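If you read the protein sequences in the order shown, they are chains L and G. Per my numbering, residue 1168 is the first one in the first sequence, and the count goes up by one each step. Per my numbering, residue 51 is the first one in the second sequence, and the count goes up by one each step. Quick reminder that beta carbons are idealized off the backbone N, C-alpha and C, glycines included. Every value quoted in this text rests on a predicted model; they were computed, and no experiment measured them. One structure below.
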Amino acid sequence: MIWQDFKYAIRLLSKKPGFTALTTLVMATGIGLSVYMFSFFHTILFKDLNFQDGASLVMVSGSINGKEDAYRINALDYAEIKSSVKGLKEYGGYNNANVVVSATEGAIRFPAIMAQANIFQLTRTKPILGREFRAEDEKAGSEKVVVIGYELWQNQFSGENDVLKQNMRINGEKHNVVGVMPQGYLFPRNAQIWLPLQIDPKQLVRENSTTLHGLAHLEDGVTMAEVNRELSVVMKRIENQHPQTNTGISAHVTSIPGVGGADGAPVIYTMHTVALLILLLASINVGNLLLSRALERGKETAIRVALGAPRSRLISQMLWESTIICTLGGMIGFLVMAWGLEITEPIVATFFADPLAFWWDFGIDTYTVTLFLTILISTIFVTGFLPAWRSTGGDFNAVLRDGTRGAQGKKAGRLNRFLVISEIFISMTVLISSAVMVQSAYEQTNSDMGADTENSLVASVLLPAANYDTDAKKAHFAKTLQSRLENSASIEAVMLATSLPGHYSSISKVIIEGKEYSKDSNNSYPSANDIATMPGSLAKLGVELRQGRYFNNSDDGLAKATALVSESFAKRHFPEQGALGKRFRLAKTAQDNIEWVTIVGIVEHTIQGNRDGDAASMPAIYRPLTQAPRNQLTIAMQLSSKGSLAVQHLRKTLQGIDSELASYRIETYQASNDRITAPVVFISSLTAIFAIAGVVLAASGIYGVMANMISQRTQEIGIKRALGADEQRISREFVFAGVKLLLWGGIPGILAGGFMGFAMAQMFGTSYSSLVLIVIIMVSIVVATVLVATYLPTKNALRLEPSQALHYE
Amino acid sequence: MSDTLIKLENIQKVFFTDEVETHALADITLTINKGEYVSISGPSGCGKSTLLSLLGLLDASTEGLYQLAEHDVSNISKKERARIRNMEIGFIFQSFNLISDLDVEENVELPLTYRKDLSKDQRKAMVKEALEKVNMSHRSKHFPSQLSGGQQQRIAVARAIVGKPSIILADEPTGNLDSKNAEAVMELLDLLHAEGATICMVTHDPRSAQRASRNIDILDGQVISDNSLTKENKSSDTVAA
């Protein structure tokens, strides 16, 4: 019997290949896009780590003024958390670092982890060679040891078994290799080198303490929410005890993949919502098409009822159609989605200079398959069972007696109206929220960083702390590097800075001379991007001078204290009296003897790092590298010939200055800036695909439902025309009905889309005027869609002569 | 002024479906005078409903001349046809064709809402009068689904007469009714005729046909007989029936 029903469904579907292809494609789009989106975010943010007890491993991070991000936590606070929070066990911690490894082919920079001794125990992973860290490794002055990753072992030590007898020069210091971790082990993100984190508790001062990322396991049966409640109580207590340093500071736990997720929460929630809405849209469309077909076959159903078919049999028969369509569409969607996930990994890899997090393995996994099957079964139910139930519950006597659909027609009319309202609501929501995302990406990629990036190469260099332990050495290095690079014919100009315009920069709290700040909390000090640059670099980068002067030779000397500030800094802190000649100092209250710095020039605002929100408007202070040298430098080289010559010259110059120096992240200036906006461009491209799919699905869906609704009222049109209504009148009536549906679906859609759009606009700093414009444009698109979708079927119905319309079935 | 309300000359109607031409009406020529009660009879598919559609301007002829109240309406615009249907013609259908979402009062008022020359009060008054005429005032707030077939057809009659049309066209008005309700509807039409209405009715039912003052028989799209029925004819036929 089931086989018979299946064969019948196949026959019906093959009789209408256009219908079958359309519905299959719609389902493929809906299922494919939504599974992709869920799988993508699951891989990035929600995947359980593939370790024993991986699900209970959490990161303990700081929160500032309620904002939960991957902020490092003060070591003293962490010590108090360890002794007070009972919901966590096996506390550990680490810091990220860049290290320079001296290898036979020259110095190489590696991302490294400075970890507390139990880091490998936390992941229940043992080295394949040698040992883990021991408690004594954490003590200052102990033998310098390193645990290396499998890939580094293979590449730098050729996989030799005597690696444990060898040592590595890291940051200019000899380290004994004591362990090799298994292949693929990169915890906590993409590490290949692990060094012991040495914190001397006796040396810790609250005002200027070491900070770290905390790690721990949840106690059995304890949830993250419970731990977070415990953490807030403990952190509140610390805040009360130390208001100066801890006002507004709290802590929270997240899963390791979920770190930083809170920052992008509006985007993540919006994308998930959009994915669900697209799936819903596809299901409504297919469900409506199947319902229309079921209603068209009302007479056949009535005959079957008359012949004694039970309702369950009728439903099962109709369910086969949706099962076939959804399964076929689902398979196509699944294959396209699998391909999409496969190409995602190389695309996402371009967002980062370092390798991707080890759990970012995009592809078909258990979660994706389970999700796919759940969505498939749900869509079969929504698109098949509900229309089948609806279409088998009518007045079949009326159908057989006089061909009318009886009360079913009225019910179907209500259902149709509900479907149109739903589609309008969904499309409005999807369009507005997606458009905000796309607009934001456009604004970010086109934002003025404040510098010229044309025809420039950039590279980074890290000075090993052991070799460059004084400011004089660092300053000397910067001067030497600049002068030697400038001697190259392939390089037109050289710019040296800790951070170039567009790149991320460190942020410091500053104290403006003469301003009063709260004595109770360091939070009252304003923040600024803290950048050190070689004299002449800002001018060469195209950062325009607004007032005063650039740095020059008179600023040379560690004892001097001059600074430039950005226009935004001057406006924010010296709105009336002007900033030139005014003084500020860094807010490190433990060192109140920190020098006051005099502002000698004001330059245009530059964006450092994220192009959106507060980050984009963060002001900057600039110090000369000759006064305030640093260990990590970025070099920008304006090219006069091929880039490869400049790179060769850079490497040669560095080797000439110090063989233990490594240049890394060598790329064009534009590429380095594009990388920062790449994630938002990628997400917005995905959103744009969703929006286009949403518009097509909604437009076809609304047209389908309206056409169906108007077609069901063809007889009514005939009656009205027989009674003297002219075509304009009928068209007006239907368009008015369409407008009514538009209002019912559109107003909640504008509210929902506006709400999501507003959340994202706030996050990305999209202006409210842009948001309003987006709403107007998107509303216009939906309004036009509904009007066209109403007018065209009405026009079609009016093509019939009234006499034909009166007898239309 | 002439008494002729409708004049058809050599009317033809051809339906084209795929490659098949169907001649529904061929060379129909006839006139209907004001105040006449005409029945059109014939077997299924003979073209009588097509003829009624042409008379009601629900469809256009393929060829021929159609004059309504001395105006040529053979080739007028759709808008003009709609206006004439609204002002001059009242329809009664076999399947009532009431709009299920509108109540009785709204259904009857519907043709008046397409006119611009009537105020709301005037429309209400005309609806009230029409409903009283068909004795359905007490059901004015009911919906069609709450009424019997006979009651629905009386509402349809009220709707047909509410605009005081020149002619009432009825297509098998008793086709969906039992004999008791059918008789009531026919009595209503008799009454309207007696009050001066021009009625043209398509019917299968010989008893209904005999109530008309003139009977046109159609076969294969052609008029095969056109008889004015005298009172004697009617009564003898009625007795015979």
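(message) Is there a C-beta anywhere in chain L that falls below 9 Å from the one on Ile134 (chain G)?
(response) yes
(request) Could you tell me which residues DSSP pairs with Glu1340 (chain L) in its beta bridges? (result) L:Ile1337
(message) Pop quiz: Ile139 (chain G) and Pro215 (chain G) are said to be a contact at Cβ under 8 Å. What is the actual Cβ separation, rounded to whole angstroms?
(response) 5 Å
(request) Could you name each continuous alpha helix (DSSP H) segment of 4 residues or more that falls completely within the stretch 105-164 of chain G, going from the start of the chain to the end? (result) 128-138, 154-163
(request) Check whether the stretch 1926-1943 of chain L touches the stretch 1600-1610 of chain L, counting contact only when three or more Cβ pairs, one atom from each stretch, lie closer than 8 Å. (result) yes
(request) Answer yes or no: do Asp1441 (chain L) and Phe1849 (chain L) have a C-beta to C-beta separation smaller than 9 Å? (result) The sequence as given places Val at residue 1441 (chain L); Asp does not occur at that position. Against a cut-off of 9 Å, the Cβ pair of Phe1849 (chain L) and Val1441 (chain L) comes out as no contact.
(message) For a cutoff of 9 Å on Cβ pairs, would you count Ala1469 (chain L) as touching chain G?
(response) no
(request) Note down the Cα distance separating Asn1322 (chain L) from Gly1861 (chain L), rounded to an integer number of angstroms. (result) 48 Å
(request) Using a cut-off of 9 Å between C-beta atoms, extract the partners of Ile1884 (chain L) located in chain G. (result) None at all; the shortest Cβ gap to chain G is about 10 Å.
(request) Go through the stretch 1590-1661 of chain L residue by residue and report every complete run of the beta strand (DSSP E) that reaches 3 residues or more, in order. (result) 1623-1629
(request) Compile a chain-ordered list of the residues in the stretch 151-175 of chain G whose CB is closer than 8 Å to at least one CB of chain L. (result) Asp151, Leu160, Pro161, Tyr164, Arg165
(message) Whole angstroms are fine: how far does the CA of Tyr1975 (chain L) sit from the CA of Pro1969 (chain L)?
(response) 10 Å
(request) Using beta-carbon positions only, say whether Asp353 (chain G) and Ser99 (chain G) come within less than 9 Å of one another. (result) In the structure as shown, chain G starts at 51 and stops at 291, and residue 353 (chain G) therefore has no counterpart that could be examined.
(message) Between the stretch 1168-1180 of chain L and the stretch 1390-1403 of chain L, can you find at least three pairs of beta-carbon atoms closer than 8 Å?
(response) no
(request) Would you kindly work out how many angstroms separate the C-alpha atoms of Phe1922 (chain L) and Gly1932 (chain L), rounded to a whole number? (result) 15 Å
(message) Please identify the residue among L:Phe1736, L:Leu1663, L:Glu1771, L:Ala1866 whose C-alpha is closest to the C-alpha of Pro1796 (chain L).
(response) L:Leu1663
(message) Considering only their Cβ atoms, is the gap separating Ser1627 (chain L) from Leu1800 (chain L) smaller than 9 Å?
(response) yes
(request) Please confirm whether any heavy atom of the ligand FMN lies closer than 8 Å to the CB of Lys1306 (chain L). (result) Summarising the ligand content, the structure contains no ligands, and the ligand FMN is consequently not present.
(message) Taking the beta carbon of Lys1332 (chain L) as the centre, do at least 16 other beta carbons fall within 10 Å, making it buried, or is it exposed?
(response) exposed
(request) Report yes or no: is there a C-beta of chain G within less than 9 Å of the C-beta of Gly1891 (chain L)? (result) yes
(request) Please check if any C-beta of chain G sits within less than 9 Å of the C-beta of Leu1973 (chain L). (result) yes
(request) Using the Cα positions of Gly1780 (chain L) and Ser1250 (chain L), report the straight-line distance between them to the nearest angstrom. (result) 38 Å
(request) Tell me whether Phe1903 (chain L) is buried or exposed, calling it buried when 16 or more other Cβ atoms sit within 10 Å of its Cβ. (result) exposed
(message) Here's the rule I'm using: 16 or more other beta-carbon atoms within 10 Å means buried, otherwise exposed. How should Thr72 (chain G) be labelled?
(response) exposed
(message) Quick check on Gly1273 (chain L): does DSSP put it in helix, strand or coil?
(response) strand
(message) Under 9 Å, Cβ to Cβ, is there at least one residue of chain L near Phe143 (chain G)?
(response) yes
(message) Give the list of continuous alpha helix (DSSP H) stretches no shorter than 4 residues that lie fully inside the stretch 242-279 of chain G.
(response) 256-259
(request) Under 8 Å between beta-carbons, which chain L residues line up against Asp109 (chain G)? List them in chain order, please. (result) Glu1968, Pro1969, Ser1970, Gln1971
(request) Give a yes or no on contact between the stretch 1200-1212 of chain L and the stretch 1376-1387 of chain L, applying the rule of three or more CB pairs nearer than 8 Å. (result) no
(request) Look at the Cβ atom of Val1227 (chain L), then the Cβ atom of Ala1418 (chain L), and state whether they are nearer than 9 Å. (result) yes
(request) Mind listing the chain G neighbours of Glu1894 (chain L)? Cutoff is C-beta to C-beta under 9 Å, in chain order. (result) Lys128, Lys129, Ala132
(message) As a quick exercise: from G:Phe65, G:Leu80, G:Gln62, G:Asn60, pick the residue whose alpha carbon is nearest that of Thr54 (chain G).
(response) G:Leu80
(message) Here's the rule: buried if 16 or more other CB atoms are within 10 angstroms of the residue's CB, otherwise exposed. What is Pro1363 (chain L)?
(response) buried
(message) I need the straight-line Cα distance from Met1498 (chain L) to Ala1195 (chain L), nearest angstrom please.
(response) 7 Å
(message) Taking the alpha carbon of Leu1712 (chain L) as the reference point, which residue from L:Leu1289, L:Tyr1789, L:Ser1839, L:Asn1875 has its own alpha carbon closest?
(response) L:Tyr1789
(request) Identify the continuous beta strand (DSSP E) that holds Pro1693 (chain L) and give its terminal residues. (result) Unbroken run through Pro1693 (chain L): none, as it is neither H nor E.
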